[in-house]
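Report on one structure; see the data block that follows.
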Amino acid sequence: MKSRDFTDLIVWQKAHKFVLDVYTITNQFPKSETFGLTSQFRRAAVSIASNIVEGYAKNHKADKLRFYNIAQGSINECLYYLILIKDLKYISNYEELNNLLCEVRKLLFSYSKSLKEAV
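In the working numbering, the protein residues as written are 1402 to 1520.
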């Protein structure tokens, strides 16, 4: 079944949930992180969902894959930020967020792989 728009994509839905979670947790960060870690983590999280949206809108497979590849890079960046904020003891729900982000990574990888294999 073809999705009507990007909001039908499970990978986008989970990426969007991750963005909302990142905004929630970064609201609790120390004020000294406002222009550093808070800003960087939010930007990287939004980049995941927004690049999925941009890729979805493209008509050519190569263009779609380029945006999905950028999203994969942002996923890896967020994985590092999760490790960092866990080590800084800024969060207590590391496993939950890490599992969600790993699920997004897996879904996006599968989606990209099926796109590459499509005729």
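Heads up, the beta-carbon is just placed ideally off N, CA and C, and yes, glycines get one too.
Using the Cα positions of residue i and residue j, report the straight-line distance between them to the nearest angstrom.
i: residue 1417; j: residue 1427; result: 15 Å
i: residue 1485; j: residue 1499; result: 12 Å
i: residue 1443; j: residue 1408; result: 20 Å
i: residue 1464; j: residue 1433; result: 39 Å
i: residue 1376; j: residue 1405; result: Past the edges of the chain, shown from 1402 to 1520, lies residue 1376, and the structure says nothing about it.
Put residue i into one of helix, strand or coil per three-state DSSP.
i: residue 1433; result: helix
i: residue 1457; result: helix
i: residue 1426; result: helix
i: residue 1409; result: helix
Any beta carbon from chain C within less than 8 Å of residue i's own beta carbon?
i: residue 1456; result: Absence of chain C from the displayed structure is noted, only one protein chain being present.
Could you check whether residue j and residue i sit closer than 8 Å to each other, using their CB atoms as the reference points?
i: residue 1459; j: residue 1468; result: yes
i: residue 1450; j: residue 1420; result: yes
i: residue 1412; j: residue 1509; result: yes
i: residue 1466; j: residue 1514; result: no
i: residue 1415; j: residue 1497; result: no
i: residue 1448; j: residue 1472; result: yes
i: residue 1495; j: residue 1507; result: no
i: residue 1475; j: residue 1445; result: yes
If I follow the unbroken alpha helix (DSSP H) through residue i, where does it start and stop?
i: residue 1475; result: 1462–1488
i: residue 1491; result: It is not in any alpha helix (DSSP H) - residue 1491 carries neither H nor E in the DSSP assignment.
Pull up the CB-CB distance for residue i and residue j, whole angstroms please, since I reckon it's below 8 Å.
i: residue 1502; j: residue 1483; result: 7 Å
i: residue 1512; j: residue 1430; result: Rounded, the Cβ-Cβ distance is 31 Å, inconsistent with contact.
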